[in-house]
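Position 129, counted from 1, in the sequence shown is what the UniProt record's numbering calls 129; the numbers after and before it change by one each time, with no gaps.
Cβ coordinates follow ideal geometry from the N, Cα and C atoms, glycine included.
Quick caveat: nothing in here was measured; it's all calculated off a predicted structure.
Have a look at the structure below before the remarks.
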Amino acid sequence: MFTTEQNKTRILVLNALFITLTFLATMFINIRLPLMGNGGLIHLGNVPLLIAAFVFGKKSGAIVGAFGMALFDIVSGWTLWAPFTFVIVGAMGYVAGLIAEKMPGKKVYVHVLAVVVALIIKVVGYYFTEVVLYGNWIQPFGSIPGNIMQLVLAGVIVVPLANGFMKRVGRSNSI
């Protein structure tokens with residue numbers, strides 16, 4: 001098998017790969033919704049994030065989500081959002097990976113539950129972030145449809161593929 005040093009290197013490379021995929025999918029595969037307030041941004045960055053969380057576990061999910069999406073915020077002009085994104089999306093990846101690792105039952109249902117919980121973290125986290133940034137309790141409601149659509153779209157793509165990825169990589173749930 002792998003030595004400890006080889007395994008650490010493998011984990012580092014896989015996390016870097018998925019951070020890059022998350023960043024690229026967020027940066028280049030997105031649609032800005034013309035809604036009130038911040039409006040919302042639909043992107044596919046949650047797809048590699050959820051794959052990393054489901055296949056490689058909670059630590060990878062947290063690292064990939066936090067760094068991949070915060071990097072997008074930094075380079076795309078949303079720099080003020082980066083610290084919030086780091087925490088919110090890092091939490092999404094961690095919790096989705098934790099559910100996928102620890103929850104018993106048929107994996108398709110476990111993964112659906114993980115996506116739903118990640119969706120709740122995203123909607124609540126970004127709602128309160130917008131309240132803090134804009135000082136308005138009503139305006140942030142305009143971003144909720146985009147946040148919901150992001151995770152629903154990611155879930156529709158990832159849930160059917162997750163078991164195949166896990167088998168292909170030769171992992172049950174973690175590195």
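Excluding five sequence neighbours on each side, which residues of the same chain lie with their C-beta closer than 8 Å to the C-beta of Ser172?
Note that Ser172 scores a pLDDT of 49, beneath 50, so its modelled location is shaky; the value from the coordinates is reported in the next line. Met166.
With a Cβ-Cβ cutoff of 9 Å, do Val108 and Val159 count as a contact?
yes
In whole angstroms, what separates the C-alpha of Gly97 from that of Val110?
10 Å
When the Cα atoms are used, what is the spatial distance from Phe54 to Val131?
31 Å
Anyone know if the C-beta pair for Pro140 and Tyr127 falls short of 9 Å?
Against a cut-off of 9 Å, the Cβ pair of Tyr127 and Pro140 comes out as a contact.
For Asn30, list the residues DSSP reports as bridge partners.
His43
Could you pull out every residue in the same chain whose Cβ sits closer than 6 Å to the Cβ of Met149, ignoring the five residues on either side in sequence?
Answer for Met149: Ile42, listed in chain order.
Could you tell me the alpha carbon to alpha carbon distance between Ile175 and Thr9, rounded to whole angstroms?
In this prediction, Ile175 scores a pLDDT of 41, lower than 50, which makes its location untrustworthy; the coordinate-derived value is nonetheless stated afterwards. Approximately 12 Å between the Cα atoms of the pair.
Buried or exposed: Val123, going by 16 or more other Cβ atoms within 10 Å of its Cβ?
buried
6 Å CB neighbourhood of Leu49 in its chain, flanking five on each side removed:
Thr22, Val64, Gly65, Gly93
Where do the ends of the alpha helix (DSSP H) carrying Pro83 lie?
82-102
Which of helix, strand or coil does DSSP assign to Ser143?
helix
Collapsed DSSP secondary structure at Asn7 in the structure displayed:
Asn7: helix per DSSP, three-state reduction.
With distances taken between CB atoms, is the gap from Ala100 to Gly125 smaller than 9 Å?
no
Gly155 versus Gln6 - alpha carbon distance:
32 Å
So what's Asn136 in DSSP terms, helix, strand or just coil?
coil
Kindly indicate the opening and closing residues of the alpha helix (DSSP H) around Ser76.
Neither: Ser76 is in no alpha helix (DSSP H) and is coded neither H nor E.
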